[in-house]
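Visitor: The following block contains the structure, expressed as structure tokens.
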Amino acid sequence: MKPDQAESLRRKMKQRQLIKPQLYEKKAKTLAVISGKGGVGKSNITLNMALALQEKGKNVLIIDLDIGMGNIDVLIGASSSRTIIDVMENRHVLAQSLSAGPKGIRYISGGTGLDVIYQADREKWAYFMNDLSAVLRDFDYVLFDMGAGLSKEQLPFILSAEDILAVTTPEPTAIMDAYSAIKYLVIADERLSISIAVNRARSKKNAMDTFARLSHAIHTFLGADVQFAGSIPDDPLVSQAVIDQVPFLINSPQAKASRSIRLLTDVLFQTEENKPREEKPAFIEKLSSFLMRRTLH
Ligand SMILES: Nc1ncnc2c1ncn2[C@@H]1O[C@H](COP(=O)(O)OP(=O)(O)OP(=O)(O)O)[C@@H](O)[C@H]1O
Ligand SMILES: [Mg+2]
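What the sequence shown shows, in the UniProt record's numbering, is residues 1 to 297, in sequence order.
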């Protein structure tokens, strides 16, 4: 074997060792919260869902992947110094970069420059994946708050998540954009598990009609089925909580929106817990293969 071949083999072996050790250990459930249209309530739902899970004694981590426009920390009136991009760039270890949010939830904010996905080399990804899988063992749930639409940088995370929650409002534009986003995802992988949350509903009927419209189109034109996770009413206490920079579940625990988010969380995660897990490919393995495929070296 030529010396350069031996060197390349050694490098490959080293990368494998870096990726392999923790991939098959116990891990958190992963959920990506997406939408077609922007501003439909993804971040508020992610944050308050995390708090509802935490109330039930679960350990929850939010990863803000709305890179450049992330605002989980703004919603809780905090600012964080380390971001997920710092971790991807191997500047900091993930476990040491998590910020503490209310009720014991942990989060990491987005930072800027997710195009790192196209620049990182295999060794960087190997470290990142190892880092991420170590953290996944410490949490029951990891929720990804995504930016609106489907940017190519976010896709590996969305397609790897065990479950996807698509948020829409009753507005036809939001429904149409949710349909387009879901169409893209279903074409990429028809086995994805997708649930729908209807936010800012004017009534239960309004929420059910919205879900019926969206799920009917998905069923008819894409041959796929989506689940109804629940609805959250249009509630002025939600925008008040945003202004106060205190999540509505804490600011107004008995508000209609708070009761709805608890219900939605129960439906979404109880159904989840009853599903046999082994049917789904593990998040970390899927993500690892997506990211590795994207790197050139
Ligand atoms: N159920 C609700 N009732 C009343 N107002 C709401 C509700 N949900 C969201 N809003 C309003 O919509 C705004 C946008 O919500 P949020 O930031 O959660 O949306 P987003 O989908 O994360 O937006 P982006 O696409 O920019 O990330 C909130 O600041 C709030 O004022
Ligand atoms: Mg948001």
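All C-beta atoms in this analysis are idealised placements derived from N, C-alpha and C, irrespective of residue type, glycine included. Please read all numbers here as calculations on a predicted model, not as lab measurements.
1) My guess is that residue 325 and VAL167 are in contact by the Cβ rule of under 8 angstroms, so how many angstroms apart are they, rounded?
2) Any chance the stretch 73-87 sits against the stretch 98-110, with 3 or more Cβ pairs inside 8 angstroms?
3) For SER260, tell me which candidate among LYS37, PHE139, GLY36 and LEU51 has the shortest Cα-Cα distance.
4) In terms of residues, what are the limits of the beta strand (DSSP E) holding LYS124?
5) How many Å lie between THR220 and ILE232 at the Cα?
6) Where does SER160 land, buried or exposed, given buried means 16+ other C-beta within 10 angstroms?
7) Quick check: ALA229 and ALA197, are their CB atoms within less than 9 angstroms of each other?
8) Within 10 angstroms of its Cβ, does residue 306 collect 16 or more other Cβ (buried), or is it exposed?
9) Does ligand 2 have even one heavy atom less than 8 angstroms from the beta-carbon of LYS103?
10) Let me check understanding here. Comparing Cα to Cα, which of ASN90, SER180, ILE72 and PHE211 lies closest to LEU222?
11) Measure from the alpha carbon of ILE194 to the alpha carbon of each residue in PRO156, GLU162, THR210 and PRO253, then state which is nearest.
12) Given a cut-off of 9 angstroms, decide if THR30 and PHE211 are closer than it, judged by their beta-carbon atoms.
13) When you compare each of ASN130, VAL226, GLY68 and SER258 to ASN48 by their alpha carbons, which one comes out closest?
14) Could you check whether the stretch 283-293 touches the stretch 123-135, counting it as contact only if at least three pairs of C-beta atoms, one from each stretch, sit closer than 8 angstroms?
15) With respect to 8 angstroms, is the separation between the Cβ of GLY39 and the closest non-hydrogen atom of ligand 1 below this value?
Guide: Let me lay it out:
1) Outside the shown range of the chain (1 to 297) lies residue 325, about which nothing can therefore be said.
2) Judged by Cβ distances under 8 angstroms, the stretch 73-87 makes contact with the stretch 98-110, as three or more pairs qualify.
3) Of the candidates LYS37, PHE139, GLY36 and LEU51, the one whose C-alpha sits nearest the C-alpha of SER260 is LEU51.
4) No beta strand (DSSP E) contains LYS124, which is instead part of the alpha helix (DSSP H) from 122-136.
5) Roughly 26 angstroms separates the two Cα atoms.
6) That one is buried.
7) Contact annotation: ALA229 and ALA197 have beta-carbon atoms nearer than 9 angstroms.
8) Missing from the structure shown is residue 306; the chain here goes from 1 to 297 and no further.
9) Short note on LYS103: C-beta not closer than 8 angstroms to any heavy atom of ligand 2.
10) Ranked by Cα distance from LEU222, the first of ASN90, SER180, ILE72 and PHE211 is SER180.
11) The candidate whose alpha carbon is nearest that of ILE194 is GLU162.
12) Result no, Cβ atoms of PHE211 and THR30 do not sit closer than 9 angstroms.
13) Of the candidates ASN130, VAL226, GLY68 and SER258, the one whose C-alpha sits nearest the C-alpha of ASN48 is SER258.
14) The stretch 283-293 vs the stretch 123-135: in contact.
15) The answer is yes for GLY39.
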